[in-house]
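Quick notes on the structure that follows.
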Amino acid sequence: MTTTNRRGVLRAGAGTLVGGALAAGCGTGRAAAPRAPERSPRPAAPTRAAPAPRPYPGLPAQITHGPRTRPQVALTFHGQGDPALARTLLATAERQGARLTVLAVGTWLDEHPELARRILDGGHDLGNHTQRHIGINTLAEADARREITDCAERLDRLTGSIGTWFRPSRAPAASPLVTRLARAAGYPHVLSYDVDSLDYTSPGATAVTRTVLAGVRGGSVVSLHFGYPDTVAALPDVLTELGRRGLRAVTTTELLS
8 MTTTNRRGVL RAGAGTLVGG ALAAGCGTGR AAAPRAPERS PRPAAPTRAA
58 PAPRPYPGLP AQITHGPRTR PQVALTFHGQ GDPALARTLL ATAERQGARL
108 TVLAVGTWLD EHPELARRIL DGGHDLGNHT QRHIGINTLA EADARREITD
158 CAERLDRLTG SIGTWFRPSR APAASPLVTR LARAAGYPHV LSYDVDSLDY
208 TSPGATAVTR TVLAGVRGGS VVSLHFGYPD TVAALPDVLT ELGRRGLRAV
258 TTTELLS
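Note that my numbering has the sequence shown beginning at 8, numbered continuously upward.
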């Protein structure tokens with residue numbers, strides 16, 4: 008099993024993972040000269056301070072959308088998968104003046120800790136999408152709590168905050184137990200959504216665009232995913248059409264503030 012220590016060095020059994028390879032005895036018949044393991048530098052703190060979760064009086068514990076009277080929508084992304092696709096999505100959004108909400112999976116942050124800074128420095132929201140992205144509503148209480156708090160601890164270590172939002176994994180809404188555990192962990196609200204892009208089914212960019220635009224309206228919270236090429240290809244057309252309709256893509260924090 009591979010883990011990451013506080014100094015960013017990956018450990019696998021008795022060897023040390025350096026640059027993606029397992030450094031161990033080479034089987035040459037004599038011991039290799041000892042040397043200090045290479046260490047990856049810990050990512051620098053974000054230049055944009057990471058906001059903490061905040062309560063929104065009058066809003067339910069589980070939020071599915073914002074005010075319908077505002078010409079704004081929140082495009083929310085489940086954060087995992089190929090980091091190159093994530094960077095492309097972020098850059099595309101920024102070029103078109105959009106800001107996103109990213110709900111990051113803890114194991115993804117373990118593998119790509121620099122993306123926490125990239126997200127925040129781009130002006131986007133960053134939140135918690137559990138540690139391992141498993142069906143949290145089906146877990147026993149202790150295991151569900153651990154899924155929330157383990158990811159929260161990683162976010163706090165990387166950004167100084169547990170993240171602005173929590174979204175349950177593998178479920179459109181949190182169970183009452185998970186909602187309670189999220190609140191106990193410091194998240195006053197669970198972030199759900201009212202538009203599901205279905206991009207994770209890989210239906211093609213045109214289908215993703217059509218599904219989003221068919222359901223979106225003022226105040227909508229849209230569920231999308233990093234890691235899918237269809238989503239990358241669809242985003243420019245989605246943003247262009249939102250603009251034509253007079254809708255602006257903003258962070259969830261801005262949508263609700």
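From the three backbone atoms N, C-alpha and C, an ideal C-beta is built for every residue, glycine too.
Since residue i and residue j are thought to touch, with beta carbons under 8 angstroms apart, how far apart are those beta carbons, to the nearest angstrom?
i    : j    : result
H131 : L107 : 5 angstroms
A240 : A221 : Between A221 and A240 the Cβ distance is about 18 angstroms, and since that is not below 8 angstroms, they are no contact.
T99  : P243 : 6 angstroms
R224 : R75  : 7 angstroms
D203 : R161 : That pair is no contact at about 26 angstroms.
H140 : Q87  : 6 angstroms
A189 : I155 : 6 angstroms
T171 : P60  : 6 angstroms
Y200 : S230 : 4 angstroms
V228 : H72  : 5 angstroms
P138 : D157 : Rather than Pro, the amino acid found at residue 138 in this sequence is Gln. Indeed, because the Cβ distance is near 4 angstroms, the residues count as touching under 8 angstroms.
V197 : Q69  : 5 angstroms
Residue i lies in the alpha helix (DSSP H); which residues open and close that run?
i    : result
G113 : G113 to E118
D128 : E121 to D128
T238 : P236 to R251
G222 : A212 to G222
A68  : Per DSSP, A68 belongs to no alpha helix (DSSP H) and is neither H nor E.
R152 : E148 to T166
V263 : For the sequence presented, residue 263 should be read as Leu rather than Val. That run of the alpha helix (DSSP H) goes T259 to L263.
Under a three-way DSSP split, which group does residue i fall into?
i    : result
A191 : helix
V185 : helix
D201 : coil
A81  : strand
R177 : coil
A38  : Residue placement at A38 is poorly supported in this model, since its pLDDT is 37, which falls under 50; the coordinates still yield a value, given next. Note: A38 maps to coil in three-state DSSP.
A256 : strand
On the criterion of 16 or more Cβ atoms from any shown chain inside 10 Å, does residue i qualify as buried, or is it exposed?
i    : result
P78  : exposed
R152 : buried
L246 : buried
G34  : For G34, the pLDDT reaches just 38, beneath the cut-off of 50, and the residue's location in the model is therefore unreliable, although a value from the coordinates is still provided. G34 should be labelled exposed.
Y194 : buried
E45  : Note that E45 has pLDDT 38, beneath the 50 cutoff, so the model's placement of it is unreliable and the number below is only indicative. Exposed, since its Cβ has fewer than 16 Cβ neighbours within 10 Å.
E148 : exposed
G142 : exposed
R174 : buried
A57  : buried
D206 : buried
G7   : Missing from the structure shown is residue 7; the chain here goes from 8 to 264 and no further.
A159 : buried
T259 : buried
A181 : buried
S264 : exposed
In the DSSP assignment, find the unbroken beta strand (DSSP E) run with residue i in it and report its ends.
i    : result
D132 : D132 to N135
L107 : Element bounds for L107: n/a, residue is neither H nor E.
S230 : V228 to H232
I'd like to know if the stretch 65–83 and the stretch 115–124 are in contact, where contact means that at least 3 CB-CB pairs between them fall below 8 angstroms.
no
Check whether the stretch 172–187 touches the stretch 87–98, counting contact only when three or more Cβ pairs, one atom from each stretch, lie closer than 8 angstroms.
no
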